[in-house]
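First up is the structure itself, then whatever we jot down about it.
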Ligand SMILES: Nc1nc2c(ncn2[C@@H]2O[C@H](COP(=O)(O)OP(=O)(O)OP(=O)(O)O)[C@@H](O)[C@H]2O)c(=O)[nH]1
Ligand SMILES: [Mg+2]
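In this note's numbering, the protein residues as written are 1 to 438.
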């Protein structure tokens, strides 16, 4: 697929956003707002946003015919050209709705894929988005919005592709997916090498994860004095950025900012963003940033944990230890803030209340990250050649050395607090080292 496809400006569409609530299912309070935010992220004009109860989802078009007639009328009145259904549509439902309403229809997965497409900046990000898009199309054999756009040349409507067209599409998609997979394997290899390089240099990794718009990048910037994009929009960050910071003890820690999560994150995206997400799963610590002032903060946290579990399965990697950061404390009223502060302290491990925006609580967070990173360190007895200043310096820089003395003629014995990972890293630096449990 030509790379320019996902670089294009969003079309001049007028969108209507409908959040179907199926059979009285429980939905987060501000879910409709989120739907609207996602649609706005496309850069389209919004005609209206509405939550619609669907008592019994119709297999062919989701909505009841009375509902559809009412919608069609409003669409016509408002000149709507894009119908955003914030739910998962089957390919058949999507096709039928397009046919019946004579406009473009995009569901939640399609919507999120579009936003990712607009946000992707690096070659790697684009590659992952294109992979996700192809997997999505392959799973439905319905073209995504941009493809429709291209195929229709911006013209309002065109019938679905015929049988043989579908066959050709399927073959083309399979070929493309295989190509992306090879390229992404290369990306993952490169990333693994980078991680191993970091591990050899001895900096443990803390990865910032959390719901989209929770303030991850703002916190990352504050902790690292960087300037990565932080903005009030979903999925501002797509590509992981890593920077080293110096912790209170003087030890170096690598901090990674990552792509945000969202309720019903499309599985195709999780699969395609594996290279990026592995970065988080291989960290020594996850820093889970929550927007504690958000009305749906509990829902969001649950969804983050669900996605982390999904990632464990997807990558086969165990979830690293985790601390919660309750961000946007500045946006709370005093009473709520003090109630939450008590609750945060009572969590295990305690959550940290911060405001990444104004900087409050950030020093305490820096102090807390270090012991959390090194929670499972134990005292070890290490001996190294006395002449090797490099090994000596490594231990002091990366671990806590409590005593050292000469042993025999030419070796030094040290008591050192080390994690298993420290031991592995240290052993990799030289065959001359010996480490024992004490
Ligand atoms: N009031 C308040 N707003 C904050 C705070 N931290 C971040 N924000 C705002 O929240 C919005 C999102 O911040 P980001 O740092 O981009 O959030 P993110 O988690 O990186 O989002 P994505 O990369 O899109 O997933 C921005 O408008 C920030 O200014 C905070 O402590 N207090
Ligand atoms: Mg971000």
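For each residue, glycine too, the CB sits at the ideal point set by N, CA and C.
Here the structure is a predicted model, which means the values were calculated and not measured.
task = Would you kindly report the start and end of the unbroken beta strand (DSSP E) that includes residue 439?
result = The displayed coordinates of the chain run from 1 to 438. Any statement about residue 439 would go beyond what the structure contains.
query = What is the DSSP secondary structure of residue 42, counted as helix, strand or coil?
reply = To locate residue 42, count along the chain shown from 1; it is residue 42. Three-state DSSP puts residue 42 in coil, outside helix and strand.
query = Should residue 216 be counted as a contact of ligand 2 given a C-beta to heavy atom distance under 8 Å?
reply = Within the chain shown, numbered from 1, the residue matching residue 216 stands at position 216. Yes, Cβ of residue 216 sits closer than 8 Å to a heavy atom of ligand 2.
ask   = From 293, 339, 332, 283, pick the residue whose C-alpha is nearest to that of residue 323; which is it?
value = Locating residue 323 in the chain shown gives position 323, counting from the first residue. Considering only alpha carbons, the answer is 283.
ask   = Rounded C-beta distance between residue 127 and residue 184? I'm assuming under 8 Å.
value = Here the question's residue 127 lines up with position 127 in the chain shown. Here the question's residue 184 lines up with position 184 in the chain shown. At roughly 6 Å, the Cβ-Cβ gap stays under 8 Å, so residue 127 and residue 184 are in contact.
query = Is residue 277 near ligand 4, going by C-beta to nearest heavy atom under 8 Å?
reply = Summarising the ligand content, the structure contains ligand 1 and ligand 2 and does not contain ligand 4.
query = Should residue 205 be labelled buried (16 or more other beta-carbon atoms within 10 Å of its own) or exposed?
reply = The residue given as residue 205 occupies position 205 in the chain shown. When all chains shown are included, residue 205 counts as buried.
inquiry  = Looking at ligand 1, does it come within less than 8 Å of residue 287, judged from the CB to the closest heavy atom?
reply    = Position 287 of the chain shown, counted from the start, is the residue given in the question as residue 287. Checking the Cβ of residue 287 against ligand 1 gives no.
task = Would you mind working out which of 251, 210, 252, 246 sits nearest residue 238, comparing C-alpha positions?
result = Counting from 1 along the chain shown, the entry for residue 238 is found at position 238. Ranking the options by Cα distance to residue 238, first place goes to 210.
Residue 228 Cβ short of 8 Å to ligand 2 heavy atom set = The residue you call residue 228 lines up with position 228 of the chain shown. Checking every heavy atom of ligand 2 against the Cβ of residue 228, one is found closer than 8 Å.
Residue 179, DSSP secondary structure in three states = Position 179 of the chain shown, counted from the first residue, corresponds to residue 179. Three-state DSSP puts residue 179 in a helix.
query = In three-state terms, what does DSSP make of residue 217?
reply = On the chain shown, position 217 is the one that residue 217 refers to. DSSP places residue 217 in helix when its eight states are reduced to three.
task = Can you tell me which of the three DSSP states residue 16 falls into?
result = On the chain shown, residue 16 is found 16 positions in, with the first residue counted as 1. If DSSP states are grouped into helix, strand and coil, residue 16 belongs with the strands.
task = Could you say if the segment 35-49 and the segment 96-105 meet the contact criterion of at least three C-beta pairs nearer than 8 Å?
result = no
key: Limits of the unbroken alpha helix (DSSP H) element including residue 107   = Your numbering for residue 107 matches position 107 in the chain shown. From DSSP, residue 107 is part of no alpha helix (DSSP H) but of the beta strand (DSSP E) over 104-107.
Expected contact under 8 Å - CB spacing of residue 326 and residue 354 to nearest Å = Translated into positions along the chain shown, residue 326 becomes position 326. Translated into positions along the chain shown, residue 354 becomes position 354. Confirmed, Cβ separation roughly 7 Å.
message = On the DSSP letters alone, give me the boundaries of the alpha helix (DSSP H) that residue 423 sits inside.
response = Along the chain shown, read from residue 1 onward, the residue named residue 423 stands at position 423. Per DSSP, residue 423 belongs to the alpha helix (DSSP H) from 420-429.
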